[in-house]
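Residue numbers (the numbering used here): 10 to 171.
Let me begin by presenting the structure, written as structure tokens, before commenting on it.
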DNA sequence: AGATTGAGCGGCA
DNA sequence: TGCCGCTCAATCT
């Protein structure tokens, strides 16, 4: 399903009441490149609430750890991918880790880590945008501009806490 | 079952 | 700086 909030569209797939996949908030001309479904006019509160949290994550208005406590989600991925994403969950709001760091920790290669992140079904909720390359931003399925946007907002938010 | 493909990295000139 | 070789899970063919 796709839910619209203001001029952002958030794609979500639920199995029962559990979120198994989502997109980051996108404008109308972008969303259908990533998910096919129809925009729900009057979404049930349960679904709307999840979409609102994803929107807040995008604008760095909520901590992802808090979001994971609230959202009823299920991570359906292969074993290796799960190991990578479990490491990513521990990356603090406002900081970053490199592909190489994760690879070293799991005794694998940075390329393999990138592959796993590329298929993160729960972007923002599992903060794969905080994984960068050693000497650059690395990549991001939804476009590097989006990754840059979220990271910059998280960085500023963290600074303003002092 | 084998080949190809990356959201990477380190070394060497 | 720029290129080359290594890497390895996932995705083709």
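Yeah, the Cβ is synthetic: ideal placement off N, Cα and C, and Gly gets one too.
In this chain, the beta strand (DSSP E) harbouring residue 21 covers 17-24.
Among the bridge pairs identified by DSSP, residue 153 is matched with none. Here residue 153 is exposed, its C-beta having fewer than 16 other C-beta atoms within 10 Å. When DSSP states are grouped into helix, strand and coil, residue 107 belongs to the strand group.
When the beta-carbon positions are compared, residue 28 and residue 80 come within less than 8 Å of each other. Residue pairing of residue 52 in beta bridges, as defined by DSSP: absent, with no partner found. Distance from the CA of residue 99 to the CA of residue 148, rounded to the nearest whole angstrom, comes to 20 Å. Distance between residue 146 and residue 157, taken at the CA atoms: about 8 Å.
Buried is the label assigned to residue 31, since at least 16 other Cβ atoms lie within 10 Å of its Cβ. Using a 10 angstroms sphere on the CB of residue 54, the tally of other CB atoms stays under 16, which defines it as exposed.
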